[in-house]
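Residue numbers (the numbering used here): 12 to 346.
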């Protein structure tokens, strides 16, 4: 029965590829097929702008991927990759890349070649470090690398001045680069569940910040009053579950600033219960295919790209507009 299932599944994948070839599609959705390999037929779809390969069993990407030079969206989350596929660094038109939930400990310096990248997800991969070259991806607006093993961030993070949404939740970070005070467009910043010992001074310069999550760190020192006043433009500054919140007097002082949240740490049993609940919620969020009504700016857990195939007439018009400058050279002037 399993062989029959695999046979039909494989032929279904090939049929989808052939349909994309015949229709000269800009989108190819091969997600959730338990594929161990990318079909060779993908090479015959050179005009692809969006390729969805998430939720499969891929361990590598074939060289043919480099032929998809126009590709703008690539999802590889929930596969079995054990290293960053270097072929991706040749896709210099990529705007959205999702590598979450693989086993990728390092990002190569060549990731700096992706200068058009606007959204990058690398959650729950075991990531140990981010190279300085990430600063070359200056168009990044959204970046998520939560649930990893990062101990420090490169100073070049300060070059990503277009960032609006940034989360490094659940890592092992002890400080925040001072260079990040240049991220003046940032709206959402999440450093929850790290090893920070103080409130980053760079926050006062991020004048568009609305949500800052520093809860469950190791912050013991009371921030200076002027520092708290200088962050009053923030809608929520969450300092809960830090050592500083264990003292009643410290909590009273913090609560004088209405934008600060400062709940004390929970006992072991309660913390374990909430952690289990949070893990269940994270799994649900990772499988969420996108909610049009969700609050993007306050999305603490949300990390996944909407990987549904919505290639309708409206999207076709949007996709073809990208190619108009190139296609225009084939237009003949008969006047």
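Glycine included, each C-beta is placed from N, C-alpha and C at the ideal position.
Extent of the continuous beta strand (DSSP E) run through residue 130: From DSSP, the beta strand (DSSP E) with residue 130 extends over 130-132.
What residues in its chain sit with their C-beta under 8 Å from that of residue 184, if we drop five residues either side in the sequence? If we look at residue 184 and ignore the five residues flanking it on each side, its Cβ neighbours are 161, 162, 163, 164, 202, 205, 206 and 207.
Comparing alpha-carbon positions, which option in 114, 100, 255 and 121 lies nearest residue 83? From the listed residues 114, 100, 255 and 121, the smallest Cα separation to residue 83 is found for 100.
Three-state secondary structure (DSSP) of residue 153: Here DSSP, grouped into helix, strand and coil, assigns residue 153 to strand.
Can you tell me where the alpha helix (DSSP H) holding residue 236 begins and where it ends? Segment 236-240, the alpha helix (DSSP H) holding residue 236.
Answer yes or no: do residue 169 and residue 188 have a C-beta to C-beta separation smaller than 8 Å? Yes, these two residues count as a Cβ contact at 8 Å.
Buried/exposed call for residue 15, threshold 16 Cβ in 10 Å: Answer is exposed; the Cβ neighbour count stays below 16.
Residue span of the beta strand (DSSP E) that contains residue 21, given as start and end: Going by DSSP, residue 21 is part of no beta strand (DSSP E) but of the alpha helix (DSSP H) stretching over 13-33.
Does residue 359 come out as helix, strand or coil in the three-state DSSP assignment? Any answer about residue 359 is impossible in this case: the structure gives the chain only from 12 up to 346.
Name, in chain order, the residues that DSSP records as bridge partners for residue 216. Note: residue 216 sits in no beta bridge, so no partner.
Based on the DSSP secondary-structure assignment, which residues constitute the bridge partners of residue 89? DSSP, once it has assigned bridges, lists no residue as partnering residue 89.
On the criterion of 16 or more Cβ atoms from any shown chain inside 10 Å, does residue 42 qualify as buried, or is it exposed? By the neighbour-count definition (other C-beta atoms within 10 Å, threshold 16), residue 42 is a buried residue.
Closer than 7 Å: is that where the CB of residue 34 sits relative to any heavy atom of the ligand NAD? What this structure holds is no ligand at all, so the ligand NAD is not there to describe.
Should residue 30 be labelled buried (16 or more other beta-carbon atoms within 10 Å of its own) or exposed? Exposed, since its Cβ has fewer than 16 Cβ neighbours within 10 Å.
Residue environment, residue 88, which counts as buried when at least 16 other CB atoms sit within 10 Å: Flag for residue 88 reads buried.
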